[in-house]
Structure formats: structure tokens, C-alpha cells
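To keep things clear, I will list the structure first and then write my remarks on it.
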Amino acid sequence: MKELSSLNPYLAKYKYRILFGGIFIALSNWFGVFPAQIIRLAFDLVKDNLANYQLTKGFENQAILKSIIIQIALLFGALIILIAIIKGVFMFFMRQTIIVVSRLIEYDLKNVIYQKYQELSLSFYRINNTGDLMNRVSEDVSRVRMYIGPAIMYTLNLIVLFILVISTMISVNPMLTFYALLPLPLLFVAIYYVQNTINTKSEKIQAQLSILTTTVQETFSGIRIIKAFGREQQLADRFAADSEVYKTKSMELVKVQAIFFPTILGLIGISTLLTVYFGGKEVINGSITAGNIAEFIVYVNILTWPVASVGWVTSLVQRAAASQKRINEFLDLEPEITNPSTIPFEFTNSIEFKNVSFTYPETNITAIDQLSFTLTKGQTLAIVGKTGSGKSTISNLISRMIDVSSGSILIDNQDIKNINLNDWRNQIGIVPQEVFLFSDSIQNNITFGKDQFETADIHQAAQMAGVYDSIIAFPNGFETLLGERGITLSGGQKQRVSIARALIKKPGLLLFDDALSAVDTQTEENILSNLASTRKDATNILISHRISTLKNADMILYLANGKVAEMGSHEALLANKGPYYELYQMQLLADTQKQE
Ligand SMILES: Nc1ncnc2c1ncn2[C@@H]1O[C@H](COP(=O)(O)OP(=O)(O)OP(=O)(O)O)[C@@H](O)[C@H]1O
Ligand SMILES: [Mg+2]
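Residue -6 is where the sequence shown starts when you use my numbering, and the numbers rise one by one after that.
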């Protein structure tokens, strides 16, 4: 329960709305209870007049009495309708305040969680799956909302109602009150158990549903592979089996739900029976009137739903506490990498790796091992090496997506851990190995990293990335939508849009992680010569498998198992006749074979 106390600041934020909600609850309840007394009054009046009516049989004023009885009935009927309308109006306002508060808090919570998601480091995303992350924002938050809205509203409602109704009942007849309320605790316990069973069963159904959804999603995204390998039937069978489980579980839930209403109605019936039986005895004794019995039956009916809701609310609160616990656990997480400084930082000098090692904690793979090198501003560094040699890890270390395990990275002779991270990242234009484009227009994808830009900038960046001609060939040009609702770009086009996104920033440091792997050598040549002419004074890091990409770099680093195997200019490395030379010979041979 203490988990839910973390919601108190939010409740405090909306305290006036909640206060008004409470007042509306009290008012609507008062108008809900009041009619019972009118019914008693009407009942007794009609009964007395009916007795007189019988007595005046054959007399003139019998007709007058008849019209009086009818008038009483009509008047009281109208009164009850009027009161019901007033009650309805207050109920409307009660929902408008309390339920609205729950929605506002839901909105606040979602924003806080989303903010937190963006702060957390990559390691958090490596250990949590998307489904879980989505659940926290959707499922868990909506359960907490159910606590704030319905749970608070019904609890307040119940308290007010109990005070009003039971005090009135006791003032009429304590004995009858006791008998009328006797079945209610039973009702509470029964509902609580039924509701809990419903919850556990619903959760199982929910889990099964997410299995089904995942299967279907995977079918959609893997449809090409499924068709190409002719596995439609197997997947259909798997889906049918999963659906079967889902159906069985749903049927179990329906059975429990079917008990729900009969239980409530049965217990109300028992309560009414007890009231009539013991009430009847009291009437015979002369201690209460027949009207009182009618009044009591109304009370029992008024109390039934709120009491039933206690069982429901209890289970709502339990679930909300479990959800809030999950949310709290995650909000309490400290991001591993945070911005250490607000002092503006501008890259002016050099990037230096000093005995840097990095081990991935999840796999214990040492991707970078005692690596040292220095890159001066204005130079181009190329990194080449076999797959898995640690090239992308270097790129992640430089953009500080991960922190070194040992050694240090110095930017302008300051430890990367001490400089303003936002400023540093803003000065890097990164083209990641795995291209990611948003489901948005090409223009918005290119300008993603920039707040202010001119159309000319976009066109220039696209031209430098060698993708301008492809874009303007589309009917909608730069406005063309990508992704789910739009067109699919070819692998090479995607990669070049991703390059344009990095170039438009005119970054101090350009970082290509295998960014030319999906373009042909001619296009590669064009892009590289564009870079060479426009980024003469800027710093570049080019990671590649292809020597053609690297050969003009100021320095080439041949990486093997996270270590420097060789370092130097293209010519120096060729003269070395080491692994770089071998790679060069191999690629040269492959190229000549292609040409023949
Ligand atoms: N997120 C990760 N968790 C655990 N191990 C990882 C992770 N990313 C990379 N590795 C491991 O670290 C090593 C270096 O990977 P890295 O991605 O840096 O290689 P690379 O040189 O970029 O390879 P490629 O040329 O194929 O892109 C590999 O052995 C890889 O399995
Ligand atoms: Mg890589």
C-alpha cells in the first residue's frame, strides 16, 4: 500500500477538484437517500387514507378522499422524479471532478515515464524488452488511474452513504437495521473473491492475448520470409493452437462472471426477505409502520451496490499498488550516463583514446582491449577490421552511449565523462550501421537533428549524400512519407537519407559506421569527394570494410579483436605488407574479377 503514497503529490496538485468531488458525492448521496423517506411518508399517507376510504364507503366524501389519494400519489411521484434528476446532476459533477482528476494524473504520469525512458541509457534497453516497456506506460498507468478514479470515488461514496443511511435506519429501528444489513458482509466477501478470481483469469487471458499479438505481428513483418519458405500452414497451425488456449481461458472467465450477478441478486433477496419478515413482526407489535418496511427495502437496495463495490475496489487497489510498485521501481532507476556539466563545450582540438577497454556486461565479451590512438581536429581517421572486431563499439564510446570499462577517452584533453554531454553529442553527426528512419516525411527525417534550417540546407545535404536525384524523382519529392504509411526506400537510399541527416548538422565530428556499405563504388566515390571538398577542416571518422572508402584518410587503424593491429597511412600500411596489405590485395582481386 505504501507504494501508492508516491501518488500523493499528484493528488495534492488537484486537491481542489477532489474537494469539490467530495462535496458533490455527499450531495448526490443525500438526494439518493431522501426519496426513501418520501416513500415512507407516501406509503403511510396512502395507507391511512385508504383505511378512511374503506370507512366512508357509501358516503359522499368518499369521492373526495379518492381524489386526495390520487393527488398524494401523483405529488409524491413527481417529487421523487425531481429528486432523482437533482441527484443525477450532482452525480454528473462528481464524475466530472473525480474521474477528470484521474485522467489528468494519468496524463502527468505518462509524461513522467516517457521523460524517464529517454533519460535511461542504452544498457537499460538491452535488458528490457519492448513489451514490458510499453506495458508500464499503458497497462500499469491505467491500473493506477483506476485506483485514483473509481476507487477513490466509490470509497468516498460508500463512507458518505453509510453514515447517512445507517444513522437513519438506526433512528427508525435498530433491530430491523441489524437484520436488514446481516447479509451485506457476506456480499462483500463474496464479491471480493469473485472479483479476484476474475482478475487472475483476466490476467492470464491478457498474457495469452499478447502471445497471439506477437505471433501476428511477426507474421506481418516476416511475411516475405514466410512466403519464400512456404511456411504458411505451419504458422496458421501455431496461431490456431494459441487461439485455442485463448478461447479456453476466456470460457473459464465467462463462467466466473456468470456467478457474479446471481450472487448479488440472491443476497439482496435474502436481505429483503429478512426485512419484510422481521419488519412485519414489528409492524404487528406496533413499533413501526408499514411505510418503514418500504423505506428499509429502498435502503437495502441503495446500500447493495456500494457494498458490492467495496469488494471490487479492494481488488482495484491491490492491483494499482502492484502496478505502482513496478512504475516506482523504474522511476527510481538512475540513468548510468547523465550529463555531468552545464558549461558549454565546443570541440576544438582532439579526441584521444588512452588504454581504453570495454567489456559488454551482459555477454562478458571484451570488445575493446587496451586501445590507444589520437585524432586531431581536421583529420580523417579510418577504422577497418573484420566483423566483430569492435568498430561499432568505438563509435558508441565516442558518442558516449556507453562508458569505458577502463582507461579513458579525452576530448580536448578533458575526460569525456566530465564534458557537457548534450553539447558534445550535438557536435557529432553520426550515421549508424543500422539505419533507422522515422515514419515521417523524408524532409523531417533529414532535418531531425536540427531546429532551424532552410530548404537550401536540406537540398544541399541531400546532394552531398548523393540522394537528391532519387528524392525529387518521387511524386511528392521531399514531402514523401516513409515507413508504415508511406513508401519503402531501397537499402542504399535509406542509408543516404541517414547520411544527409548527419551532414545537415554540419557537425564538428562526422562518424560513419559502415555508412557506405549499401551503395555502389561510384556513388561512394561521389559522396567521399563531396566530403573531401566541403569538410576539409572538419574531423571525420570512417568505419568500413572496404579499402576504397578509407584509402584517402589521414590515418588508418586496422582493428583486430579490439586491439590495434596496424596503424598508419594507406601507403605506409601497404609498404608494411601486413594484414592491411593482405586485405587490400584480396579486395583488388575481387574487383578485377568483377570487371572481367
Ligand atoms: N550490445 C551488445 N551486447 C553484448 N555484446 C555485444 C553487443 N554489441 C556488440 N557486442 C559484441 O562485441 C563485439 C564487437 O562488436 P562490434 O559491433 O563493435 O563489432 P564491429 O567491428 O562493429 O562488427 P561489424 O563489422 O560486423 O559491424 C562482438 O563480439 C559482439 O558480439
Ligand atoms: Mg559494426
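Ideal Cβ placement from N, Cα and C applies to all residues, glycine included.
Complete alpha helix (DSSP H) runs within the region 332 to 398 (minimum length 4 residues, chain order): Those alpha helix (DSSP H) runs which fall completely within the region 332 to 398 and span 4+ residues are 384 to 391.
Whole-Å CB distance - A35 paired with F69, under 8 Å assumed: Confirmed, about 4 Å.
Per DSSP, cross-strand counterpart(s) of V26: Answer is none; V26 lacks a bridge partner.
Nonlocal neighbours in the same chain, by C-beta distance under 7 Å from I73, ignoring five residues either side: If we look at I73 and ignore the five residues flanking it on each side, its Cβ neighbours are P28 and I31.
Boundaries of the alpha helix (DSSP H) in which E99 is found, first to last residue: Annotation: the continuous alpha helix (DSSP H) that includes E99 extends over N54 to E112.
Ligand 3 heavy atom lying under 7 Å from the CB of S382: Judged by which ligands are present, ligand 3 is missing from the structure shown, whose ligands are ligand 1 and ligand 2.
Exposure of A200, with buried meaning 16 or more beta-carbon neighbours within 10 Å: It is exposed - the Cβ of A200 has fewer than 16 other Cβ atoms within 10 Å.
Candidates M146, I261, I98 and V130, of which the one nearest F17 by Cα: Closest by alpha carbon: M146.
Close Cβ partners of K498 (< 7 Å) along its chain, the five nearest in sequence each way excluded: G422, G442 and K443, listed in sequence order.
Close Cβ partners of T297 (< 6 Å) along its chain, the five nearest in sequence each way excluded: Excluding residues within five positions, the ones whose Cβ falls inside 6 Å are I261.
DSSP bridge partner residues for T632 (one or two, in chain order): The chain is shown only over -6 to 589; residue 632 falls outside these bounds and no answer can be derived.
Minimum Cβ-Cβ distance from A558 to chain C less than 8 Å: In the structure shown, chain C does not exist; there is a single protein chain.
Separation of I344 from D230, as counted between CA atoms: Distance between the alpha carbons of D230 and I344: 56 Å.
Local Cβ density within 10 Å of M127, reported as buried at 16 or more and exposed below that: Under this definition M127 is an exposed residue.
Assigned secondary structure, G304 (DSSP; H/G/I helix, E/B strand, else coil): Helix, per DSSP.
Other residues of its chain near I106: CB distance less than 8 Å, five sequence neighbours each side excluded: Once the five neighbours on either side are set aside, the close Cβ partners of I106 are R129, V130, V134, I320, F323 and L324.
Reduced DSSP category for Y7 - H, G, I as helix; E, B as strand; rest coil: Judged by DSSP in its simplified three-state form, Y7 adopts coil rather than helix or strand.
Distance between S334 and L102 (C-alpha atoms, nearest Å): Their Cα atoms are separated by approximately 28 Å.
Counted within 10 angstroms of its Cβ, other Cβ atoms place I204 as buried (16 or more) or exposed: Exposed, since its Cβ has fewer than 16 Cβ neighbours within 10 Å.
Check: Y353 C-beta below 7 Å from any heavy atom of ligand 1: Checking the Cβ of Y353 against ligand 1 gives yes.
Pick from V490, K40 and T170 that is closest to L267, judged by C-alpha positions: Of the residues V490, K40 and T170, the one whose Cα lies closest to the Cα of L267 is T170.
Inter-residue Cα distance where the pair is K570 and D450: Between K570 and D450, the C-alpha separation is close to 44 Å.
Assigned secondary structure, K487 (DSSP; H/G/I helix, E/B strand, else coil): In the three-state scheme derived from DSSP, where H, G and I count as helix and E and B as strand, K487 is classed as helix.
Limits of the alpha helix (DSSP H) - the one that Y270 falls within: In the DSSP assignment, Y270 falls within the unbroken alpha helix (DSSP H) covering E225 to N278.
8 Å contact criterion, which T341 and D416 should meet: CB distance rounded: Cβ-Cβ separation between T341 and D416: approximately 12 Å, too far for a contact (criterion under 8 Å).
G484 Cβ short of 7 Å to ligand 1 heavy atom set: Ligand 1 has no heavy atom closer than 7 Å to the beta-carbon of G484.
Sheet register partners of A553 (DSSP bridge): K556.
Proximity test, S385 beta-carbon vs ligand 1 heavy atom, cut-off 7 Å: Flag set: Cβ of S385 near ligand 1.
At least 3 beta-carbon pairs within less than 8 Å: the region 302 to 318 vs the region 137 to 146: Between the region 302 to 318 and the region 137 to 146 there are three or more inter-stretch CB-CB distances shorter than 8 Å, so the stretches are counted as touching.
For E112, the nearest candidate out of D433, L414 and L567 (CA to CA): Closest by alpha carbon: L414.
N438 beta carbon less than 8 Å from that of R494: With respect to the 8 Å criterion, R494 and N438 are classified as neighbours on the basis of their beta carbons.
Three-way DSSP call (helix, strand, coil) for G51 in this model: Three-state result, G51: coil.
Of the residues A144, F117, T212 and Q486, the one placed nearest P591, counting alpha carbons only: For residue 591 there is no data in the structure shown, the boundaries of the chain being -6 and 589.
Best match in L149, I191 and G279 for proximity to K242 [C-alpha to C-alpha]: Among L149, I191 and G279, the Cα nearest to that of K242 is on I191.
Pairwise C-alpha distance: T473 and E518: Their backbone Cα atoms lie some 27 Å apart in a straight line.
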